[in-house]
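Okay, structure first, notes after.
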Amino acid sequence: MHELSGFKPAWHIERIAQLRRKEDVVPTHLQLIISDLCNQDCNFCAYRMEGGFSTELFAQDGKKNPSRFIPTLKVEEIIRDAAVLGVRAIEFTGGGEPTVHKDWVHIINYAISLGFHVGLVTNGTRLSGNEKLIAGLTWLRISLDAGTEQTYAATRQSKLWWKAIENIRMAAKISGPVLGIGYVITKENYHELVEACILARELGVPYVRLSAMFSHKGAEYYKGLEKMIYELIAVAKELENDRFKVVNFFGDRVEDLRSAKPDYDFCGYQQFVTYIGGDQKIYSCCTNAYTLHGEIGDLNNSTFAEWIRDHRRYDFDAKGCHHCQFNDKNKLIGYLIDPAPPHVHFV
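Quick note on this note's numbering: the sequence shown kicks off at 536 and runs consecutively.
Here's what the structure looks like:
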């Protein structure tokens, strides 16, 4: 799917030219975490599970599911600053569940009203009655991560399977946003990925996005399972037609886990995407979110516009990252900003 292509940086030629001059650029895309509180408890959550990449600074007062939100007025300030600066897209994601924020409907509508392309990652259980908002989104991805009610309840500690299914069915009938299902493959749910793809196709969902669990267990977590998982993915791919696709990121993510530390120092990805956590701190990316290494800014006492003006992101050293799920994008950006790559005319 072109919507999920890793080659998008090549479309932003002006920003690439700035990076060649070793200038920081205004990001094209904000990942905005308005809520760190979640109404579910997934056993593969990078923010809450033991060994998750983003647990270091996430908990508050000993609680792994903190009731922490960006205040509505602060969110509006960030969105206004982003509009003035020239940011083009905002993705509302977690952290926690965005729709738990008391003003989530107002906030998303506000971003849409300012002309942003808006994406929403959600468990989908609180979407009921918001058809108009959904129609205004650029894309919507609902995290399901199961093919049956029983596995959904076991992995998410939630009895809201049928509410999620009902809202997926509702969203699939709305023209406008590109709708997808998110499926993080784990030991507990890998056997149901085909069932989940069949269900998604029956519900009218255009695609299912398969991915891997990111934790300090690394690729070792999947030892003994990879062959079976790849075989099931091959079966799922046979379900594809003109209206339904299975987007397989699982293999790429497992290879990212195997490759460990980046072998390059420049992180081009964070020049295009800025991650703002529910603690109002800015992190280099979602993988480094809520970690001391990843913390690169703090909006508790400053504005987003001030941070963009004053902060030097270009000097962040990617070799200090334990893993990177954006290796391919970073290598592409690194090549594009190389002032004199060899043999460029031999296309």
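Don't be surprised by glycine CBs; every beta carbon is placed ideally from N, CA and C.
It should be emphasised that the depicted structure is a prediction, and the values quoted were computed from it without experimental measurement.
In the three-state reduction of the DSSP assignment, N783 falls in the strand class, which pools E and B. Taking 8 Å as the upper bound for CB-CB distance, G803 and Y818 are not in contact here, some 16 Å apart. Under the Cβ criterion (8 Å, minimum of three pairs), the segment 798 to 816 does not count as touching the segment 757 to 770. The Cβ neighbour count for R603, taken over all protein chains shown within 10 Å, is at least 16; the residue is labelled buried.
Assigned with DSSP and collapsed to three states, A747 falls in strand. Looking at the DSSP output, E830 sits in a beta bridge with Y818. Within the DSSP secondary-structure output, H878 pairs in no beta bridge. Closest option to F851, judged by alpha-carbon separation, among G832, K864, D863: G832. Taking C-beta atoms as the reference points, K557 and Y757 fail to come closer than 8 Å.
Membership of L867 in the alpha helix (DSSP H) is indicated by the continuous run 862 to 871. Between A624 and H564, the beta carbon gap of about 5 Å places them in contact (Cβ cut-off 8 Å). Counting the other Cβ atoms within 10 Å of the Cβ of K854 gives fewer than 16, which makes it exposed.
In summary, K667 is exposed, with fewer than 16 beta-carbon neighbours lying within 10 Å of its beta-carbon over all protein chains present. Ranking V729, V719, K637, W674 by CA distance to the CA of V789 puts V719 first. A direct Cα-Cα distance of roughly 11 Å separates K708 from E701. The DSSP-derived three-state label of F588 is coil.
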